[in-house]
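Have a look at the structure below, then the notes.
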């Protein structure tokens, strides 16, 4: 029998049948199934909800109230979409954004040092104005020293994460700023929350748990950014001494606002600032710039300057930002009438709103006055309708605040006039009545236990 190597010729039908059988053969035993990786951004948590929110707003004809562009300097007045509006959405508390001395200082800093320090301060980014600014900030709190960061959020995150660790605990108010929460979570420390301004609850927690931890950090805000109320600083100082803890006060909204000369919650309470271990503040509000700072003992500041990643591995504060902040501090101290005007305006708006029957929550008549509306959709709708009538104020909705506690947050400044404040209250009262009727006609019950508009919360950015 002769065996040849001539390949077998297959007709088209046979070739097709053979290929079909080969496709059905099982994979080789050593073949590993390729994993399926998710590289899509639209599968990220909350994105479907975001799309639903946008669709809901479009269906109801309600525009997104966030990311509204201002077409110039945003002071007591601003311009949005070509319309001049009374502005209550900016925290230029002392009206120093645009002050001639502040502008000039920023320009002169750029002329001398350029637009950036171009390095971490440890490497080549240190400039004389950094130390000058830190000395002035320390002086505001009667502290030994201070350190400035490129943002307030970064100051809180990196400082808290650096100062406590896995054997420690952070006890904070339930309404504390996001940056404190992020810093605590990054630190690995236990995070314990007490009800807003409930120092009885804090005392019980410390009595029961202080012995479980090596170090304890208590954190509160000097002026709460969503509610406009203040803590009992004297009792907090007593608790931190009794239980051997550090006390940190976030004065982002308190410095320049509270106290006869704007030096914050300690001045308001008539207490020695040294009772607080860690003072935090920002440069972006009363001081018309950008950045954050920590003030305290020399030991604390020395440690943060070589240990806090948000300082060590970050570029130093820009010349213009430092120059503007320095000039703003000087203006606040030189022009004390600005603090007085701010406090008078805040009290006037607060009392006028209450007289009109509007709910101001737990606010106490300082520069932040929330008007409580409860329903998220109502808050968003009101913001849009008020803008159409020349009043710019932003809604604050879940998760920035608890469910069923949506509000319009009014930032009052020294630059507002009594007429502007009165007009805002008058228009607001009218629009609350009109918006309630509008939503009722659509079948929305703003008094229901479940908020049908909680999906709007995805749009909220807390600042």
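In the UniProt record's numbering, the protein residues as written are 1 to 463. C-beta: ideal position from N, C-alpha, C; glycine also. Predicted model, so just to flag it, every value in this text is computed and none were measured.
In the three-state reduction of the DSSP assignment, residue 83 falls in the strand class, which pools E and B. Of the candidates 200, 393, 205 and 155, 155 places its Cα closest to the Cα of residue 181. Rounded to whole angstroms, the Cβ separation of residue 218 and residue 247 is 5 Å, and the two are in contact under 8 Å. Looking from the CA of residue 157, the closest CA among 147, 185 and 171 belongs to 185. As computed with DSSP, residue 193 is found in a beta bridge with 172.
With 16 or more neighbouring CB atoms inside 10 Å of its own CB, residue 171 falls in the buried class.
Residue 314 and residue 134 have their C-alpha atoms roughly 17 Å apart. Ranking 302, 68 and 232 by CA distance to the CA of residue 275 puts 232 first. The shortest C-alpha to C-alpha distance from residue 159 to any of 434, 73, 279 and 336 is the one to 279.
Annotated three-state conformation of residue 392 is strand, per DSSP. At the C-beta level, residue 411 and residue 371 stay beyond 9 Å of one another.
Per DSSP, residue 282 is one residue of the beta strand (DSSP E) stretching across 278-282. Secondary structure within the region 219-266: the beta strand (DSSP E) runs of 3 or more consecutive residues, fully enclosed, are 246-250 (chain order).
Exclusion of the five residues before and after residue 189 leaves 164, 165, 166, 168, 169 and 170 as the residues of its chain whose Cβ lies within less than 7 Å of its Cβ. Here the alpha carbons of residue 437 and residue 64 stand approximately 21 Å from one another. Relative to the Cα of residue 298, the nearest Cα in the group 207, 111, 139 and 115 belongs to 139. The count of Cβ pairs closer than 8 Å, one atom from the region 327-334 and one from the region 395-408, stays below three, leaving the stretches out of contact.
Sixteen is the threshold: since fewer than 16 other Cβ atoms of the shown chains lie within 10 Å of the Cβ of residue 307, the residue is exposed.
In the same chain as residue 106, and ignoring 5 residues on each side of it, the C-beta atoms closer than 6 Å to its own belong to 320, 323 and 324, in chain order. Across the structure, residue 252 and residue 383 are spaced so that their CA atoms are roughly 25 Å apart. Around the beta carbon of residue 48, a 10 Å sphere encloses fewer than 16 other beta carbons of the protein chains shown; the residue is thus reported as exposed. Note that the C-beta distance between residue 363 and residue 425 is not below 9 Å. By DSSP's assignment, residue 293 forms a beta bridge with 148 and 281. Short of 6 Å from the beta carbon of residue 273, and not among the five residues preceding or following it, lie these beta carbons of its own chain, in chain order: 141, 142 and 266.
Sixteen is the threshold: since fewer than 16 other Cβ atoms of the shown chains lie within 10 Å of the Cβ of residue 81, the residue is exposed.
Within a 10 Å sphere around the beta-carbon of residue 213 sit 16 or more other beta-carbons, which makes this residue buried. Residue 395 counts as buried, since at least 16 other C-beta atoms from the protein chains shown sit within 10 angstroms of its C-beta. Burial state of residue 338 is buried, judged by a 10 Å Cβ sphere holding 16 or more other Cβ atoms.
Within its own chain, the residues whose Cβ lies closer than 6 Å to the Cβ of residue 284, once the five positions on either side in sequence are excluded, are 290, listed in chain order. Rounded to the nearest angstrom, the gap between the Cα atoms of residue 39 and residue 334 is 56 Å.
Secondary structure remark: continuous alpha helix (DSSP H) runs of at least 4 residues inside the region 31-115, in chain order: 47-60 and 100-113. The alpha carbon of residue 235 has as its nearest neighbour, out of 215, 198, 209 and 45, the alpha carbon of 198.
By the Cβ-count criterion, residue 91 is buried, with 16 or more other Cβ atoms from all chains shown falling within 10 Å of its own Cβ. Exclusion of the five residues before and after residue 311 leaves 147, 149, 158, 304 and 305 as the residues of its chain whose Cβ lies within less than 7 Å of its Cβ.
At a Cβ-Cβ threshold of 9 Å, residue 391 and residue 428 count as neighbours.
Inclusion of residue 94 and residue 413 in the CB contact set at 9 Å is warranted, their separation being smaller than that value.
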